[in-house]
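**Q** Structure incoming, see below.
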Amino acid sequence: MSFTPAPEFTTRPTLTGRFGMSASTHWLATASAQSVLEQGGNAFDAVVAGAFVLHVVEPHLNGPGGDMVGIFATAGGAPTVLMGQGPAPAGASAAAYRELGLELVPGAGALAAAIPGAVDAWLLLLRDHGTWELPEVLQFAIGYARHGHPVLDRVTATIEKMREHFEDHWPSSAALWGSYDGTMPELAGTYERLAASSGSSRVKRIDAARMQWSEGFVAQAIDDFVRVPHRHSDGHDYAGVLTARDLAGFSASFESPVTIDFRGHTIAKSAAWGQGPALLQMLAILDGFGDIDPSTPLGAHTILEVEKLALADRDAWFGDTGDVPLETLLSGTYVSGRRLLVGDRASRELRPGSIAGRTPFRPPLTTGTSGMGEPTVSRQGVTRGDTCHIDVIDRWGNIVSATPSGGWLQSSPAIPGLGFCLGTRLQMTWLQDGAPATLTPGRRPRTTLTPTLVLREGRAVTALGSPGGDQQDTWQLLYLLRTIVGGYTPQQAIDAPAYHTTSFPDSFWPRQWEPGGAVVEDRLGATVIDSLESRGHVVTRAGDWALGRLSAVGTDDRGMLWSAANARGNQGYAAGR
15 MSFTPAPEFT
25 TRPTLTGRFG
35 MSASTHWLAT
45 ASAQSVLEQG
55 GNAFDAVVAG
65 AFVLHVVEPH
75 LNGPGGDMVG
85 IFATAGGAPT
95 VLMGQGPAPA
105 GASAAAYREL
115 GLELVPGAGA
125 LAAAIPGAVD
135 AWLLLLRDHG
145 TWELPEVLQF
155 AIGYARHGHP
165 VLDRVTATIE
175 KMREHFEDHW
185 PSSAALWGSY
195 DGTMPELAGT
205 YERLAASSGS
215 SRVKRIDAAR
225 MQWSEGFVAQ
235 AIDDFVRVPH
245 RHSDGHDYAG
255 VLTARDLAGF
265 SASFESPVTI
275 DFRGHTIAKS
285 AAWGQGPALL
295 QMLAILDGFG
305 DIDPSTPLGA
315 HTILEVEKLA
325 LADRDAWFGD
335 TGDVPLETLL
345 SGTYVSGRRL
355 LVGDRASREL
365 RPGSIAGRTP
375 FRPPLTTGTS
385 GMGEPTVSRQ
395 GVTRGDTCHI
405 DVIDRWGNIV
415 SATPSGGWLQ
425 SSPAIPGLGF
435 CLGTRLQMTW
445 LQDGAPATLT
455 PGRRPRTTLT
465 PTLVLREGRA
475 VTALGSPGGD
485 QQDTWQLLYL
495 LRTIVGGYTP
505 QQAIDAPAYH
515 TTSFPDSFWP
525 RQWEPGGAVV
535 EDRLGATVID
545 SLESRGHVVT
555 RAGDWALGRL
565 SAVGTDDRGM
575 LWSAANARGN
585 QGYAAGR
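The sequence shown runs contiguously to residue 591 in this note's numbering.
Now the structure itself:
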């Protein structure tokens with residue numbers, strides 16, 4: 015079946031060249047990464063430099079106290095996952111939290127903090143695959159933090175929204191953000207101390223910085239501060255449980271990805287301790303349908319129904335248990351059975367599949383509007399705080415896609431002397447026993463961070479990703495369908511109208527869902543939207559340019575490099591030559 019033709023107009027061109035390409039959710043991170051390439055650094059030097067800049071310029075969306083997941087390939091190499099998601103601390107268990115009277119892990123406050131993993135992951139990537147020294151890589155972030163940068167309206171709005179809460183409950187955050195002018199001297203000082211770490215070789219100097227983070231001044235400041243009770247999103251005060259010993263016991267790592275083949279391409283994602291394989295299941299189910307054009311009435315309906323099935327399986331089976339039946343979930347037999355569940359009407363049920371006699375976990379289902387602490391995209395498509403993304407490819411063929419998140423300024427009180435706060439990823443765990451993502455010491459929360467690598471004939475050709483919490487894979491799904499099946503250019507696919515289902519339990523506090531819900535951009539058109547409503551979808555119109563913040567880089571069959579970035583929000587940019 016033919017695809018809806020891509021519009022000739024795009025908000026930006028798909029950039030092409032042979033030297034190197036960068037794309038991210040903020041122009042300063044993109045420019046910093048590209049500057050590293052121009053000065054002879056490789057893609058790994060560049061992406062680490064850009065990532066630390068994102069901590070500075072998008073503090074409402076990520077920070078050093080958060081987490082990240084990346085996926086990359088060295089020139090001619092196999093895809094590899096960079097695992098920067100820390101686990102639950104030793105003192106964080108479902109039983110201990112229930113004893114506090116909690117039914118859910120709070121969405122804000124230190125009880126929701128996993129062991130921070132982002133900084134160690136970036137330093138590991140730099141050590142093993144980069145070429146630059148740490149001070150060279152950190153100079154961009156230090157410069158913006160020390161001397162200032164253009165402040166996004168969204169940052170100012172977030173601070174204003176939180177101002178009363180800071181003043182009443184989080185005085186360290188009030189002190190840090192109360193007179194914010196674009197400079198972040200405490201964070202600059204933290205990075206300068208890491209950059210000054212000494213050693214007899216480049217590797218030892220980077221390892222010394224990692225030690226300063228996990229066992230030195232950073233870990234000690236965190237340990238000291240979280241002992242103080244402070245307000246959490248449920249309206250009560252608790253002390254955190256994260257300790258210096260927890261930080262010392264964690265190291266970022268490299269892992270093997272999970273892959274499937276789809277229409278002549280191989281799609282690589284992180285394993286099922288996170289969300290990544292849900293996208294693979296979506297593609298596998300859709301591969302058996304005739305109309306999978308996101309811009310037709312039947313295609314849009316089918317895609318939304320398949321998203322629901324894959325996300326129901328995600329909540330039922332995915333987690334850091336070592337016992338996820340992933341081979342079955344992606345098998346032809348299982349996928350064919352799931353395909354039969356897609357009918358002419360929108361389902362308003364949560365329908366996880368049963369596997370080999372095992373009963374799927376069914377999370378508690380509540381409806382309503384979300385409250386404070388929500389770091390993802392609202393049901394109406396309004397961004398309340400989110401995530402970042404960055405992609406880089408260099409002239410040698412190294413390519414990386416990474417999604418840093420957590421530790422945003424509104425997540426928990428700022429730690430004095432460090433200039434940042436802790437993340438809240440543990441809110442993705444359950445306090446019910448028996449779930450694959452039950453809060454358990456030493457286990458990683460089932461993160462939504464889910465960058466993607468696409469390969470053709472064994473060679474990595476595309477790195478892409480997006481902020482958006484639960485919606486990251488649903489928006490990337492539309493991109494992959496439009497480029498791989500529909501023949502769209504990267505920028506055409508990023509610009510095209512987006513939508514996603516909300517008919518599943520939200521990964522973020524207070525864990526609510528909207529049965530049959532679908533959020534759409536109005537540009538999808540009245541014909542498609544009216545058809546969705548007639549099929550029973552509960553449609554929320556988000557506006558013309560409201561959903562998705564994808565970016566991507568890659569290479570084509572001629573060896574030409576390319577990059578593309580989202581124009582929504584007037585913030586993301588691609589660069590290259």
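C-beta: ideal position from N, C-alpha, C; glycine also.
1. Exposed or buried, residue 249, counting other C-beta atoms within 10 Å across all chains shown (16 or more means buried)?
2. Excluding five sequence neighbours on each side, which residues of the same chain lie with their C-beta closer than 6 Å to the C-beta of residue 498?
3. How many Å lie between residue 483 and residue 565 at the Cα?
4. Locate the alpha helix (DSSP H) running through residue 469, then write down its first and last residues.
5. Is residue 124 close to chain B? Criterion is C-beta to C-beta, closer than 8 Å.
6. For residue 296, does the three-state DSSP call read helix, strand or coil?
7. With distances taken between CB atoms, is the gap from residue 160 to residue 204 smaller than 8 Å?
8. Which one of 16, 28, 17 has the shortest CA to CA distance from residue 576?
9. Could you check how far apart the C-beta atoms of residue 421 and residue 436 are, in whole angstroms? I think they sit under 8 Å.
10. With a CB to CB cut of under 6 Å and the five nearest residues on each side skipped, what residues in its chain are close to residue 180?
11. Alpha carbon to alpha carbon, how far is residue 20 from residue 500? Give it in angstroms, no decimals.
12. Residue 47 to residue 33, Cα distance in whole Å?
13. Closest to residue 584 by C-alpha separation, out of 559, 91, 540, 359, would be which residue?
14. What did DSSP end up calling residue 555 once you bin it into helix, strand or coil?
15. Using a Cβ-Cβ cutoff of less than 7 Å, which residues in the same chain neighbour residue 303 once the five nearest sequence positions on both sides are dropped?
16. What is the DSSP secondary structure of residue 532, reduced to helix, strand or coil?
17. Under 8 Å: do the stretch 322-330 and the stretch 256-269 share three or more Cβ pairs, one atom per stretch?
18. Taking all protein chains shown into account, decide if residue 410 is buried (16 or more other Cβ within 10 angstroms of its Cβ) or exposed.
19. Closest by CA to residue 417, which one among 495, 479, 87, 40?
20. For residue 268 versus residue 94, is the C-beta distance shorter than 8 Å?
21. Could you check if residue 238 is buried or exposed, using at least 16 other CB atoms within 10 Å of its CB as the buried criterion?
22. State the Cα-Cα distance for the pair residue 540 and residue 591, rounded to the nearest angstrom.
23. Are the beta-carbon atoms belonging to residue 38 and residue 51 less than 8 Å from one another?
24. Could you give the distance in angstroms between the alpha-carbon of residue 131 and the alpha-carbon of residue 368?
25. Going by Cα to Cα distance, which pick from 520, 476, 512 is closest to residue 504?
26. Quick check: what's the CA-CA separation for residue 515 versus residue 530?
27. Can you give me the C-alpha to C-alpha distance between residue 244 and residue 123, rounded to a whole angstrom?
28. I need the straight-line Cα distance from residue 536 to residue 486, nearest angstrom please.
**A** Judging by the given coordinates:
1. exposed
2. 277, 279
3. 15 Å
4. That residue, residue 469, is in no alpha helix (DSSP H); its beta strand (DSSP E) goes 466-470.
5. You won't find chain B in this structure, because it holds only one protein chain.
6. helix
7. no
8. 28
9. 6 Å
10. 187, 188
11. 8 Å
12. 13 Å
13. 559
14. strand
15. 316
16. strand
17. no
18. exposed
19. 479
20. yes
21. exposed
22. 39 Å
23. no
24. 33 Å
25. 476
26. 8 Å
27. 7 Å
28. 19 Å
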